[in-house]
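Asker: Provided herewith is a single structure, encoded as structure tokens, for subsequent inquiry.
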Amino acid sequence: MAKSLVIVESPAKAKTIGKFLGKNYKVVASVGHVRDLPKSKMGIDIENDYEPHYITIRGKGPIIKELKKEVKKAEKVFLATDPDREGEAISWHLAHILSIDEQDQCRIEFNEITKTAIKNAVKNPRQINKNLVDAQQARRILDRLVGYSISPLLWRKIRKGLSAGRVQSVATKMICDREKEIKNFIPEEYWSIVASLSTENKKEVFESKFYGTIDQKIDLKNEDMVEEIVKKLKQGTFIVSEVKRKEKKRNPYPPFTTSSLQQEAANRLGFTTKKTMMIAQQLYEGIDIEGEGSVGLITYIRTDSTRISNEAKENTKKYIIEKFSSEYIADEEKKYKTKKEAQDAHEAIRPTSIERTPDKIKSSLKKAQYQLYKLIWERFLASQMKNAVYETYSVNITNNNYLFKASGSKLIFDGFLKVYTYATVSDKEIPQVVKGQRLQLQSIEPKQHFTQPPPRFTESTLVKELEEKNIGRPSTYAPIISTIISRGYVERENKSLKPTELGVIVNDLLEEYFKDIVDKHFTAELEEKLDKIEENQLEWIQVIDDFYKPFSKTLKHAEEEIKKIELVEEETDEICEVCGKNMVIKYGRYGKFLACSAYPECEHTRPFVKKIGIACPRCGGEIVERRSRKGRLFYGCGNFPNCNFITWNRPIAEKCPVCGSLLVKKNRKNDTIIQCSDKECKYKRIEEKAD
């Protein structure tokens with residue numbers, strides 16, 4: 001009979017921990033939350049200090065029954081849920097359902113699932129931290145009060161199936177605001193002048209950029225201004241007026257927090273925030289590694305701290321000396337800033353053992369697991385290494401009182417760049433020149449540019465903005481983005497996030513009647529109050545009351561003032577297959593669809609598809625925009641399933657000059673790739689985007 005029972009959330013975690021504790025312990029999983037607020041009603045007693053009415057989650061009966069049976073057999077019960085507010089709340093709910101006194105020393109926590117960490121945790125149990133529970137409960141109640149108050153209002157005033165949330169609405173507003181900026185942006189003309197110069201006998205050619213006069217910078221506003229300057233430059237002589245050389249150190253990046261991991265995984269691996277967190281959870285809870293069994297590969301994944309344990313630092317230092325030499329050890333201990341609002345409850349995200357290299361365990365990991373682990377492992381190792389060192393040089397060149405500048409750099413010590421393969425190495429050499437040296441003009445290129453609007457948010461840049469504005473917590477970023485996409489308020493276009501018509505309509509209504517709910521500063525202040533509840537500086541009931549009293553008045557005003565919004569039904573040239581009438585565009589829970597204009601006499605509907613004006617290369621039908629189950633945009637034949645032509649990249653009205661197939665385009669940050677849709681054909685060209 002097991003003497004002690006350990007309860008965790010997931011079976012994978014249970015398997016990994018069970019391996020470390022031995023036969024005197026039994027480890028079981030609750031499979032997440034066991035109690036929550038009811039889905040069918042508010043579940044908050046507003047008149048009785050906002051008392052929440054928790055119920056057992058549907059389907060959890062058999063699990064709870066089994067847990068109760070195991071608790072009766074055990075001499076001691078440990079609640080080992082995740083070390084954060086959510087985990088503390090799960091432990092509190094488990095204690096309530098399993099009749100465990102929350103004053104007992106029943107709660108254990110650990111930042112990594114390793115033998116040492118688990119053994120230490122069991123030796124040092126504590127009481128359930130009610131402050132953490134209250135902070136989580138306050139967030140849950142706030143979200144429920146907002147969601148279950150505004151959502152029914154949207155159903156009545158716009159249409160059924162809509163929702164509003166305390167943080168999701170702010171994220172939607174940010175995306176809508178950015179779209180307005182883009183639409184209202186007025187481009188401004190500006191010019192640049194690049195002179196290609198060479199040393200004697202045209203041996204070495206390099207580019208220099210126009211700066212202004214010797215005394216001041218000049219903004220080139222129009223062609224006439226540029227032509228006059230170019231004319232003078234061609235008449236004059238380019239002479240080196242100053243050469244500066246210095247060493248520049250490049251610092252390694254700090255180890256990952258939840259936010260920076262989501263951003264880097266999006267930028268380097270193309271992962272969505274949801275995918276990143278799902279895979280990171282797997283790496284944390286444990287993976288079956290050949291020769292080792294189930295092993296937790298990384299530390300806890302929900303953190304906003306860059307702190308590293310002394311033990312991890314020492315082990316990493318030994319590894320660096322052994323693999324690369326002491327030359328790569330930092331001259332002094334690396335200290336990375338943690339943002340002011342960070343809770344700093346956990347370490348940064350790092351591998352549980354630096355000796356467990358990505359290549360050593362690659363065969364035991366799925367492709368995405370390997371990619372993310374490699375990113376985390378390299379980032380952490382690099383963070384403990386010496387700075388990279390560059391020799392940089394800048395050259396000032398004068399001509400007729402005008403000033404040109406050129407600069408170059410050369411890597412002279414790679415430092416952390418030796419291991420962090422995701423960092424770019426900025427080598428750019430220019431010829432060795434000396435003050436007073438005359439240079440020959442090879443060509444001079446004036447170029448017209450136009451200022452560009454701010455880019456749309458990507459998942460990566462939205463996460464960065466949410467973190468900077470202190471909106472939500474690291475663990476909430478992925479669900480926020482998933483929610484606003486699944487609700488049809490935002491859609492992915494390539495890798496960008498774009499508001500839908502529905503998203504704009506809902507956002508405009510919330511902006512007009514619920515300014516506080518969609519206000520970034522108001523939401524950030526609420527986050528600070530939640531932190532103070534955790535720190536026992538504020539009472540959770542008072543925080544809820546301060547929010548709800550003015551909110552309820554706003555809600556009543558909105559109910560009285562908002563008139564029924566009729567979504568305009570746009571008529572299309574599509575013909576109903578049943579009665580021959582024109583189809584109209586309507587909005588449903590999952591976005592647009594086509595319905596017969598003769599409704600209710602004719603109830604025929606079909607999915608809405610957007611034609612792009614390009615013929616299918618296989619059957620001649622229309623190519624249309626479609627979305628995968630995960631919301632990713634792709635292009636397919638409108639005659640599907642009779643024709644199954646698809647491509648992930650947008651087709652263009654141009655044939656491949658090599659094989660005559662359809663060409664498609666793929667937008668990147670600074671350019672666009674035009675390539676053949678036929679995988680057998682290797683035709684490809686790159687078009688630079690206008691500045």
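All residue numbers for the sequence shown refer to the UniProt record's numbering, where the first residue is 1 and numbers rise by one. Here a beta-carbon is modelled for each residue, glycine too, at the ideal position from N, C-alpha and C. These figures come from a predicted structure and were not determined experimentally.
Count the other CB atoms, across all protein chains shown, that sit within 10 Å of the CB of residue 677; report buried if there are 16 or more and exposed otherwise.
Answerer: The residue in question, residue 677, is buried, as its Cβ has 16 or more Cβ neighbours within 10 Å.
Asker: Helix, strand or coil for residue 692, going by three-state DSSP, please let me know.
Answerer: Since the first residue of the chain shown is 1 and the last is 691, residue 692 is not available in this structure.
Asker: The beta strand (DSSP E) with residue 380 in it runs from where to where?
Answerer: Not the beta strand (DSSP E): residue 380 falls in the alpha helix (DSSP H), residues 367-383.
Asker: For residue 61, count neighbouring C-beta atoms within 10 Å of its own C-beta (all shown protein chains included) and say buried if the count is 16 or more, exposed if not.
Answerer: Label assigned to residue 61: exposed.
Asker: Using the C-alpha atoms, what's the distance from residue 218 back to residue 312?
Answerer: One C-alpha to the other measures close to 52 Å.
Asker: In the DSSP assignment, what residue or residues form a beta bridge with residue 56?
Answerer: According to DSSP, which records beta bridges pairwise, residue 56 is partnered with 35.
Asker: For residue 287, name the three-state secondary structure that DSSP assigns.
Answerer: It is a strand residue.
Asker: Excluding sequence positions up to five away, which residues of its chain have a Cβ less than 6 Å from the Cβ of residue 652?
Answerer: Excluding sequence neighbours, residue 652 sits near 663, 665.
Asker: With a threshold of 8 Å, are at least 3 pairs of Cβ atoms found where one atom belongs to the region 426-446 and the other to the region 192-202?
Answerer: The region 426-446 vs the region 192-202: in contact.
Asker: Starting from residue 664, trace the beta strand (DSSP E) in both directions and tell me its first and last residue.
Answerer: Looking at the DSSP string, the run of the beta strand (DSSP E) that includes residue 664 is 662-667.
Asker: State the Cα-Cα distance for the pair residue 699 and residue 114, rounded to the nearest angstrom.
Answerer: In this structure the chain extends from 1 to 691, so residue 699 is not present and cannot be described.
Asker: What are the boundary residues of the alpha helix (DSSP H) that residue 139 is part of?
Answerer: From DSSP, the alpha helix (DSSP H) with residue 139 extends over 130-157.
Asker: Using the C-alpha atoms, what's the distance from residue 92 back to residue 101?
Answerer: Residue 101 and residue 92: Cα-Cα distance of roughly 10 Å.
Asker: So, are the CB atoms of residue 194 and residue 207 less than 7 Å apart?
Answerer: Their beta carbons are under 7 Å apart, which means residue 194 touches residue 207 by this criterion.
Asker: Out of 412, 528, 368, state which residue places its alpha-carbon closest to the alpha-carbon of residue 386.
Answerer: The option with the nearest alpha carbon to residue 386 is 412.
Asker: Taking three-plus beta-carbon pairs below 8 Å as touching, is the region 575-585 in contact with the region 600-608?
Answerer: Yes: the two stretches touch, three or more of their Cβ pairs being nearer than 8 Å.
Asker: Go ahead and pull the three-state DSSP assignment for residue 519.
Answerer: If DSSP states are grouped into helix, strand and coil, residue 519 belongs with coil.
Asker: Mind the definition here: the region 181-195 touches the region 457-468 only if three or more C-beta pairs lie below 8 Å; say whether that holds.
Answerer: Touching, no.
Asker: I'd like to know whether the C-beta atoms of residue 598 and residue 286 end up nearer to each other than 7 Å.
Answerer: No, they are not a contact pair.
Asker: Please list the terminal residues of the continuous beta strand (DSSP E) segment that includes residue 357.
Answerer: Careful: residue 357 lies outside any beta strand (DSSP E) and carries neither H nor E.
Asker: Rounded to a whole number of angstroms, what is the C-alpha to C-alpha distance between residue 466 and residue 171?
Answerer: Going by the C-alpha atoms only, they are around 8 Å apart.
Asker: Could you pull the start and end residues of the beta strand (DSSP E) that residue 499 belongs to?
Answerer: Its beta strand (DSSP E) spans residues 496-499.
Asker: Does the Cβ of residue 252 have 16 or more other Cβ atoms within 10 Å, making it buried, or fewer, making it exposed?
Answerer: Residue 252 is buried by the Cβ-count criterion.
Asker: Tell me the DSSP bridge mates of residue 245?
Answerer: Answer is 393, bridged to residue 245.
Asker: Scan the region 187-238 and note each continuous beta strand (DSSP E) run of 3 residues or more that stays entirely inside, going in chain order.
Answerer: Whole beta strand (DSSP E) segments, 3+ residues: 189-198, 205-213.
Asker: Closest to residue 357 by C-alpha separation, out of 349, 98, 370, 346, would be which residue?
Answerer: Out of 349, 98, 370, 346, 370 has the C-alpha closest to the C-alpha of residue 357.
Asker: Can you tell me where the alpha helix (DSSP H) holding residue 419 begins and where it ends?
Answerer: That residue, residue 419, is in no alpha helix (DSSP H); it is neither H nor E in DSSP.
Asker: Going along the chain, which residues of its own chain have a beta-carbon closer than 6 Å to the beta-carbon of residue 445, five neighbours each way excluded?
Answerer: Contacts found: 194.
Asker: Rounded C-beta distance between residue 372 and residue 276? I'm assuming under 8 Å.
Answerer: Contact flag correct, Cβ pair sits at about 7 Å.
Asker: Please name the residue, chosen from 284, 137, 457, that lies closest to residue 54 on a Cα-to-Cα basis.
Answerer: The residue with the shortest Cα to Cα distance from residue 54 is 137.
Asker: Counting pairs of Cβ atoms below 8 Å between the region 383-398 and the region 181-189, do you hit three or more?
Answerer: Taking 8 Å as the limit for Cβ pairs, the verdict is that the region 181-189 does not touch the region 383-398.
Asker: Rank 646, 70, 305 by C-alpha distance to the C-alpha of residue 261 and give the top, closest one.
Answerer: Ranking 646, 70, 305 by Cα distance to residue 261 puts 305 first.
Asker: Would DSSP call residue 160 helix, strand or coil?
Answerer: DSSP places residue 160 in coil when its eight states are reduced to three.
Asker: Give the single residue among 498, 110, 95, 396 whose Cα lies nearest to the Cα of residue 633.
Answerer: Out of 498, 110, 95, 396, 498 has the C-alpha closest to the C-alpha of residue 633.
Asker: Tell me, which residues are paired with residue 448 by DSSP?
Answerer: 191, per the DSSP bridge assignment.
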